[in-house]
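Residue numbers (this note's numbering): 1309 to 1757.
Heads up, the beta-carbon is just placed ideally off N, CA and C, and yes, glycines get one too.
Predicted model, so just to flag it, every value in this text is computed and none were measured.
In structure tokens, the structure reads:
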């Protein structure tokens, strides 16, 4: 009985959201009139049925139109919020080399392997995709990370321009499943002799929704946050940025049989709808990252990463080998989102691909039961970005053709966003770095013997 009641509530909610109440009222009126006529309380000859059914038809068409409108808006929403011409972004922030050899805006550049996949994408796109650039700047790569966090409880304040257009900017996310939460903002970060230092404070997810995640939304012709705050050719340093810049992270899970899952994102995430993301993609949520004194620490970072792995892939902490020093491998900025700061990690799971998938399916079924009771809970609905996996063997990573907006694997193209695809490039580089380091150790050990 409870299942029927909950189903009824969800159906009614959907109907009300799509303006279907008009059709319901007409149906109720029609049934009432039929009953009255049957009991001879009133005669229906006085009712013009042609006009009545015309009104019903209009209400029905309006409801269907609303449903179609929402579906179409959902498909184009991301392209309205963020620039999808990634070549244009790379040209907007060109690499600038100075006399002393220093380079500004050093974008990630990757040489794709020759082969059938490259030939396929070259033919399809009618251009040479051998060497590609990403609107992503790698700030640091770590082998043994010594992370230093300088945290503050200071709260981010959005610029006046954003306040003036808050309503329009926020409504750009109309078909996404969003909810507010406290996040960690990066004020600045830098490499020092002691280690990689991050200066942090507080922001909210809503603040990021109306800044970083609507960089290219036009509230008036040619009026966008990118045109006002990130117009190029120089990338604004984090310390000078007026954007929310909440700390996010992407990550890769390597199963015990050396397989990496990419996740197809669902249609209600705030960005990257229906694209493939890395194993994990999330923001640094304060509820997981702050300690009892409301401070962001290394332990909080670890807790947040492990918590997201459990939420998104249903892998328990006991089945993960992870440390900040060994597993956080890079820091980078995503220019699509106005230079938003991101950390990249890779972890080893003690479970096989099959064990991970079987457990995920089991936990999803359990969650479905809980959702039927709490269909209003947006956070519960958004625990996973998606539930379709693309598994890639670690040894096949270097065979991938990687582009800013897609990868090509075994002759098939899979859409991605630059932050996700560039993370694959950085993972390949990091694995090569580790391989060389291990090779050097083995060589030294042999010489000592």
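Beta carbon of residue i, beta carbon of residue j: below 9 Å?
i: residue 1619; j: residue 1727; result: no
i: residue 1445; j: residue 1506; result: no
i: residue 1552; j: residue 1464; result: yes
i: residue 1438; j: residue 1716; result: no
i: residue 1412; j: residue 1542; result: yes
i: residue 1448; j: residue 1639; result: yes
i: residue 1616; j: residue 1432; result: no
i: residue 1598; j: residue 1585; result: no
i: residue 1471; j: residue 1583; result: no
i: residue 1735; j: residue 1652; result: yes
Restricting to Cα atoms, I'd like to know which of the options is closest to residue i.
i: residue 1573; options: 1511, 1379, 1703 and 1725; result: 1725
i: residue 1492; options: 1474, 1512 and 1428; result: 1512
i: residue 1730; options: 1598, 1377, 1644 and 1506; result: 1644
i: residue 1570; options: 1694, 1402, 1410 and 1638; result: 1694
i: residue 1398; options: 1647, 1662 and 1699; result: 1647
i: residue 1499; options: 1485, 1537 and 1450; result: 1450
i: residue 1579; options: 1391, 1378 and 1629; result: 1391
i: residue 1697; options: 1674, 1504, 1666 and 1436; result: 1666
i: residue 1379; options: 1742, 1469, 1747 and 1581; result: 1581
i: residue 1468; options: 1497, 1537 and 1436; result: 1537
i: residue 1440; options: 1377, 1655, 1396 and 1462; result: 1396
i: residue 1593; options: 1576, 1601 and 1612; result: 1612
If you follow the alpha helix (DSSP H) that residue i is in, where does it begin and where does it stop?
i: residue 1400; result: 1394 to 1400
i: residue 1459; result: Where residue 1459 is concerned, there is no enclosing alpha helix (DSSP H), although the beta strand (DSSP E) it sits in stretches over 1455 to 1463.
i: residue 1625; result: Premise fails: residue 1625 is in no alpha helix (DSSP H) and is neither H nor E.
i: residue 1721; result: Per DSSP, residue 1721 belongs to no alpha helix (DSSP H); it is in the beta strand (DSSP E), 1720 to 1723.
i: residue 1610; result: 1606 to 1621
Near residue i, what residues of its chain come up, given a Cβ to Cβ distance below 6 Å and the 5 sequence neighbours on each side ignored?
i: residue 1671; result: 1622
i: residue 1385; result: 1483
i: residue 1495; result: 1507 and 1509
i: residue 1533; result: 1523
i: residue 1700; result: 1568
i: residue 1754; result: Summary for residue 1754: the model assigns pLDDT 49, below 50, so the residue's position carries little reliability, and this model does not support an answer.
First and last residue of the beta strand (DSSP E) that includes residue i?
i: residue 1714; result: 1714 to 1717
i: residue 1430; result: Segment 1424 to 1433 is the alpha helix (DSSP H) holding residue 1430; no beta strand (DSSP E) there.
i: residue 1479; result: Note, residue 1479: premise wrong, no beta strand (DSSP E); alpha helix (DSSP H) at 1474 to 1479.
i: residue 1445; result: 1439 to 1449
i: residue 1562; result: 1556 to 1562
i: residue 1499; result: 1490 to 1499
i: residue 1638; result: 1636 to 1642
Skipping 5 residues on each side, what residues in its chain have a beta carbon closer than 7 Å to that of residue i?
i: residue 1603; result: 1459
i: residue 1474; result: 1518
i: residue 1502; result: 1454 and 1456
i: residue 1764; result: Since the first residue shown for the chain is 1309 and the last is 1757, residue 1764 is missing from the structure and cannot be characterised.
i: residue 1549; result: 1647
i: residue 1605; result: 1457 and 1599
Leaving out five residues before and five after residue i in sequence, what residues of the same chain have Cβ atoms less than 8 Å from its Cβ?
i: residue 1733; result: 1416, 1418, 1442 and 1710
i: residue 1684; result: The predicted position of residue 1684 is uncertain, since its pLDDT is 47 and thus under 50; a value taken from the coordinates is nonetheless stated next. None.
i: residue 1403; result: 1411, 1412, 1413, 1414 and 1415
i: residue 1452; result: 1633 and 1634
i: residue 1389; result: 1480, 1481, 1521, 1522, 1523, 1524, 1525 and 1579
Should the region 1522 to 1532 be regarded as contacting the region 1489 to 1504, the criterion being three or more beta carbon pairs within less than 8 Å? no
Decide if the region 1582 to 1598 is in contact with the region 1553 to 1560; the criterion is three or more beta carbon pairs, one per stretch, under 8 Å apart. yes
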